[in-house]
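Mapping the sequence shown onto our numbering, position 94 (from 1) lands on 1532, and the numbers just tick up by one.
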Amino acid sequence: MVNLGLSRVDDAVAAKHPGLGEYAACQSNAFMKGIFTFVTGTGATLGLQVFVQRKFKYPFQWNVLVAVIAGSVASYWVTRVESQKCSNLWLFLETGQLPTDVGTDQRN
């Protein structure tokens, strides 16, 4: 049995997919970047709103709500982009080829 994060993976599966450890490390890194983005995005948005609140008076509860929403959106975007990079890494490790490029004008 091979440890993969908190899970244990059978040796046969680990031998069949030699890049499994690298993929798991990549996904872990992507999720940590997402958490870091949520915390910093929420904090930065809240700080900016407190600065703006000096000019426009409105209740503090709306500052918190908007900051959490902004942090969540930024976190989702960062995690999605980083997870796509990990998926491309997994495909490369499994097939030896990079996935086909969809172009710069198209978004997934």
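The beta-carbon is built from N, C-alpha and C at its ideal position, and this holds for glycine as well.
Original post:
With a Cβ-Cβ cutoff of 8 Å, do S1510 and F1474 count as a contact?
Top reply: The residue given as residue 1510 occupies position 72 in the sequence shown. The residue given as residue 1474 occupies position 36 in the sequence shown. Not a contact, by the Cβ cut-off of 8 Å.
Subject >> Residue nearest to Y1602 in terms of C-alpha spacing, selected from Q1487, S1521, G1485 >> reply: Since the first and last residues shown for the chain are 1439 and 1546, residue 1602 lies out of range.
Original post:
CB T1483 to CB V1504, shorter than 8 Å?
Top reply: Here the question's residue 1483 lines up with position 45 in the sequence shown. Here the question's residue 1504 lines up with position 66 in the sequence shown. A contact, by the Cβ cut-off of 8 Å.
**OP:** Starting from the C-beta of R1492, find all residues in its chain whose C-beta is less than 8 Å away, skip the five residues before and the five after it, and write them out in chain order.
**Re:** Taking the first residue of the sequence shown as position 1, residue 1492 is located at position 54. Answer for R1492: no residue qualifies.
**OP:** Evaluate S1466 with the Cβ neighbour count: other Cβ atoms within 10 Å of its Cβ, from every protein chain shown; 16 or more gives buried, anything less gives exposed.
**Re:** In the sequence shown, residue 1466 corresponds to position 28, counting from 1. Looking at its Cβ environment, which holds fewer than 16 other Cβ atoms inside 10 Å, S1466 is exposed.
**OP:** From the DSSP output, in three-state form, read off L1398 for me.
**Re:** Lying before the first or after the last residue shown, residue 1398 is absent from the chain, which here runs from 1439 to 1546.
**OP:** Just mark A1468 as buried or exposed, buried being the case when its beta carbon has 16 or more other beta carbons within 10 Å.
**Re:** Numbered from its first residue, the sequence shown carries residue 1468 at position 30. Buried, by the Cβ-count rule.
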